[in-house]
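Participant:
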Amino acid sequence: MSESNWIEVGNVSDIPKLGARVVRTPDGDIAVFRTANDEIFALRDKCPHKGGPLSQGIVHGKRVACPLHDWKINLDTGLAAAPDEGCAARFPVTVEDGRIMLSLTAELA
Amino acid sequence: MKEKLVLVGNGMAGVRALEELLKIAPEHYDITVFGAEPYGNYNRIMLSPVLAGEKTIDEIMLNDEQWYIDNGITLHKGKLVTEIDRAKRVVRAADGTEEKYDRLILASGSMPFIIPIPGKDLPGVVAFRDIYDVDRMLAAAHANAQGKGHAVVIGGGLLGLEAANGLLKQGMQVSVVHLLDTLMERQLDKPAATLLKRSLEERGLNFLMGAQTEAILGKDKVESVRFKDGLEISADLVVMAVGIRPNIELAKKVGLHCERGVVVNDTMQTYDPRVYAVGECVQHRGETYGLVAPLFEQAKVCANHLAHLGFARYEGSVTSTKLKVTGIDLFSAGDFHGDDTTDEMVLQDPGRGVYKKVVIKDNRIQGAVMYGDTIDGAWYFQLMRDGTDISGFRDNLLFGQAHLGDSGHGDDNRVAAMADSAEICGCNGVCKGDIVKAISDKKLFTLDEVRAHTKASSSCGSCTGLVEALLAYTLGGDYSQTPSKKPMCPCTEHTHDDVRTAIRAEGIKSVRAAMDTLNWKTEDGCSKCRPALNYYLLCQWPGDYVDDNQSRFINERVHANIQKDGTYSVIPRMWGGETTPAELMAIAQIAEKYKVPTVHVTGGQRIDLLGVKKEDLPGMWGDLSKAGFVSGHAYGKAIRTVKTCVGKTWCRFGTQDSTQMGIDLEKLTWGSWTPHKFKLAVSGCPRNCAEATIKDFGVVCVDSGYELHVGGNGGVKVRATDFLCHVKTEDEVKEYCAAFLQLYREDAHYLERTAPWVERIGLQYIKDKVVEDAESRAVLAERFRVSQQYAQIDPWKERAEGRDAHEYSPLMRVG
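Protein sequences appear in the order of chains B and U. The numbering used here puts the first residue of the first sequence at 1, with every later residue one more than the last. The numbering used here puts the first residue of the second sequence at 110, with every later residue one more than the last.
1. Run through chain B and tell me which residues come within less than 9 Å of ILE663 (chain U), C-beta to C-beta.
2. Hey, how far is the Cα of GLU192 (chain U) from the Cα of ASP204 (chain U)?
3. If I'm right that GLY149 (chain U) touches ASN172 (chain U) with Cβ under 8 Å, what's the distance once you round it to whole angstroms?
4. DSSP three-state call for ASN356 (chain U): helix, strand or coil?
5. According to DSSP, simplified to helix, strand and coil, what is THR676 (chain U)?
6. Quick one, which of U:GLY745, U:GLY756 and U:THR758 has its alpha-carbon nearest LYS788 (chain U)'s?
7. Would a check of beta-carbon distances place ALA116 (chain B) closer than 7 Å to chain U?
8. So does the segment 335 to 349 of chain U actually touch the segment 245 to 253 of chain U, counting three or more Cβ pairs closer than 8 Å?
9. Please give the ranges of any beta strand (DSSP E) in the segment 528 to 589 of chain U, keeping only runs that are unbroken, at least 3 residues long and fully inside the region.
10. Does the segment 415 to 422 of chain U come close enough to the segment 445 to 455 of chain U to have 3 or more Cβ pairs within less than 8 Å?
11. Answer yes or no: does any C-beta atom of chain A fall closer than 7 Å to that of ARG24 (chain B)?
12. Would you kindly report the start and end of the unbroken alpha helix (DSSP H) that includes LYS466 (chain U)?
13. With a floor of 3 residues, list each beta strand (DSSP E) that falls wholly inside the segment 813 to 882 of chain U, ordered by position along the chain.
14. Round the Cβ separation of GLY218 (chain U) and GLU389 (chain U) to the nearest angstrom and send it over; I've been treating them as touching at under 8 Å.
15. Which residues in the same chain have their Cβ closer than 7 Å to the Cβ of ASN274 (chain U), if we skip the five residues on either side of it in sequence?
16. Rounding to the nearest angstrom, what Cα-Cα distance links TRP6 (chain B) and TRP905 (chain U) in this structure?
17. Determine the burial state of GLU207 (chain U): buried for a count of at least 16 other Cβ atoms within 10 Å of its Cβ, exposed for fewer.
18. Candidates U:MET479, U:GLY481, U:LYS257 and U:ILE469: which alpha carbon is nearest ARG494 (chain U)'s?
19. Would you say GLN659 (chain U) faces chain B, with C-beta separation under 7 Å as the test?
20. I'd like to know whether the C-beta of CYS598 (chain U) is nearer than 7 Å to at least one C-beta of chain B.
21. Can you look up GLU136 (chain U) in the DSSP assignment and give me helix, strand or coil?
22. With 8 Å as the limit, tell me which residues of the segment 903 to 923 of chain U have their beta carbon closer than that to any beta carbon of chain B; keep them in chain order.
23. So, is the C-beta of HIS603 (chain U) closer than 7 Å to a C-beta in chain B?
24. So which residues on chain U does ILE73 (chain B) lean against when the C-beta distance must stay under 7 Å?
25. Name, going along the chain, the residues of the segment 742 to 766 of chain U whose beta-carbon falls closer than 7 Å to a beta-carbon of chain B.
26. Report back the beta-carbon spacing between GLU816 (chain U) and PHE832 (chain U) to the nearest angstrom; my notes put them in contact at under 8 Å.
27. Is it buried or exposed for ALA864 (chain U), if we count other Cβ within 10 angstroms and need 16 for buried?
28. Tell me the start and end of each unbroken alpha helix (DSSP H) in the segment 154 to 224 of chain U that is at least 4 residues and wholly inside, in chain order.
29. If ALA909 (chain U) and SER767 (chain U) are in contact, beta carbons under 8 Å, what's the gap, nearest whole angstrom?
30. Quick one: using the 10 Å Cβ neighbour count with 16 as the cut-off for buried, is ILE223 (chain U) buried or exposed?
31. For ARG44 (chain B) and VAL559 (chain U), I'd like the C-alpha separation in whole angstroms.
32. Can you say whether LEU693 (chain U) is buried or exposed, counting buried as having 16 or more other CB atoms within 10 angstroms of its CB?
33. Just reading off the beta strand (DSSP E) that LEU926 (chain U) is part of, what are its end residues?
34. Within 10 angstroms of its Cβ, does ALA20 (chain B) collect 16 or more other Cβ (buried), or is it exposed?
35. Can you pull the DSSP bridge partners for LYS113 (chain U)?
36. Would you list the residues sitting across from ALA260 (chain U) in a DSSP beta bridge?
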């Protein structure tokens, strides 16, 4: 993972609590989530089930419910909650002084 | 230091209590389990299929030893607890093993009842209770390889018949001896029992009815059985299956108050509050239970109390029975005998081997017994437990739920007869074989579990009845049926009604406050409960409550309908389905401007612009708004459309101005959020071209005024409306519509359409509030008007002007 892949994408306050926003990249959308406790997670904006945009789902705890068929995806691991099986790619993300830093290189599951 | 919890009895009820406890308070206790049998926890109700050779012991294990290890539970198997020192709080087993406890669960189950007759202790006399008994029966069945052995089963009840069937399958000749002249007299009436006996005889069982056993004879082992009337028949095996009784030996010995069972209160505590009891050993409000569903309910309450939550109460169970004999469909529930104060409805078709009886009192089901066609058993049972007033469909009741207008699934009748490849869930493509396999392999007990593992019944829900029937068919009768008090979702124990009551009574005004006040089990709820809570709050506090956008499903959050590719559809409102050339031109121009790939006319007479990119939505709405359009709310649990015909303005048959009536109704109701989508229609004459009789609220114009119809829908489960009443004036139509709508808004559960709502609460309830009581009608209509003041604000215009801009633009674009 090269350092240059980290970019600032906005402030924590730009995303509603229990919500998500999208970062558009040439390689596809990345969904950036904010939990009730202001934790930030980033996943490929594609449900492992049928490709639904996870950024549009309802966020609860550390999960998001896909808007198409209600699969629950864990924000921290990208894994679908049992008994469903599948994984959305994770992207490293950190917060510095309220600013969100996102790496555009997906982590290996 | 953790408290110590000891479970005495490693059976289904006790272990289920531990499972429930681990779900809600996994760290609370150090847990130790004593089990007298040398196994982990197995599914006792599946012993019949094991005996019949349809399943193996491995297949019916519920919790293997690894489960105890994984959950940090100490298991003492094969150790019978003989003493509980309640003063020192120590449990002692026969081999001397001791464990201290802070809390104790007693789940000692039941003992087979052995008739005190000579010979009862001879080798070859067995009960039918555990794996050991099954092993002995199987050994006897296979002992006599050449000639078939003869088994005598004493007891023609549920257990006896299942044992007899199993032994027959193992190749034995079997005679069933019953004291009375009706089989399963506690579960069946005479006609049903006669049909059952006939079909069991066809399978090769022999019956001795009205026979009282006097003695079991034999030197070293069983040789024959003698009856009071002197008859003597040979026997290689005698199975005593005359009943069970609570095993209260230990409880009595240690001074816990017992009657027929160990007496417990509504929190499953015995007279010693540190000692809980669950399962077949328990006596609660005078009742003892031998079926699985009540035991599971008890386990849940016990766990809730042990976890220091303490809000769950056990209030007794209404039970139903099915026989676990493959190929025999039999169901009974409640009081099916009836008396002078009840009506009995009976359907008998001897040629098809079908018999159904439903006992009704004051238009409510008291009990039911069915043979041969039991597909509607679960439905009758639900109606019975809910106390639903059935007067609205009394004339069709006996023909079953399919005859209430379920055109989609009318033929899918008998699950037992269906092929494994038969599709049960059309939405998710799940076949009977998939479901049966998941139930057996994954050891599923409840509808929710089947939904999670197979997806069947998890989408539109129209196959729920079939899935429940499959559960009953696969597990045998006493699977854990959907409780009549359904929690809203797994985040809470509370029902929809509980939650609404609390919101009103406690003055709860936010989703967060509702979850805090009502002890939600999860941090932020889930995608099921949050939208429901949000709806209940906005319905209760119009104008006051601040809508929680993040608790809205995406469509309602962004006011457009998400499509499978992530684009959205836009449907402008078109009052009463009427439009003008100018409006059409405006729509055409806007569609071209935003390069809309598909334009479609909807079933509700509106124009749908599909494939719009999310970023384009506010701009498009701004243009539509300038042309005079508002949101059609086609994306919401909300008022959708009012479909109309052209009425007497043009049509030679028209009796009233149905189009104007439709426009007026749409102007009155648009913008209102409802528990589920709500559609209206107005037809200008009884030819009903606007299809008003499959709408949530339908008006059929007649020469003398307007017929009002409610509770219909098309879709997966077509239901024609019920006739509500006839009114004379347009103003009355509007008032009745507003009142009906408000009653639905305030009473129905979230995501319950008017059709199931009307069936659940009964049409009479609606008539009482909307038709027969003018004051109640006026109050409801007024509340609707008040809430409309805050609802009729066009969400599209607001967003075109910049509201919620973050929803429609990416956080950032890279590259």
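Positions of the beta carbon are idealized from the N, C-alpha and C atoms, including for glycine.
Facilitator: Considering the structure as presented:
1. PRO53, GLN56, GLY57, ILE58 and PRO67
2. 11 Å
3. 5 Å
4. coil
5. coil
6. U:GLY745
7. Absent from the model: residue 116 (chain B). The displayed extent of chain B is 1 to 109, so no value can be given.
8. yes
9. 532 to 534
10. no
11. The chain inventory of the structure shown lacks chain A, comprising the protein chains B and U.
12. First-last for LYS466 (chain U): 463 to 470, but that is the beta strand (DSSP E), not the alpha helix (DSSP H).
13. 814 to 819 and 831 to 836
14. 5 Å
15. ALA161 and VAL434
16. 37 Å
17. exposed
18. U:ILE469
19. yes
20. no
21. coil
22. HIS915, PRO919, LEU920, MET921, ARG922 and VAL923
23. no
24. The premise fails here: ILE73 (chain B) is roughly 11 Å from chain U at the closest Cβ pair, so nothing lies under 7 Å.
25. none
26. 7 Å
27. buried
28. 156 to 160 and 174 to 179
29. About 33 Å separates the two Cβ atoms, so there is no contact after all.
30. exposed
31. 29 Å
32. exposed
33. Coverage of chain U is limited to positions 110 through 924, which leaves residue 926 (chain U) absent and any answer about it impossible.
34. buried
35. U:ASP139
36. U:VAL283 and U:LEU346
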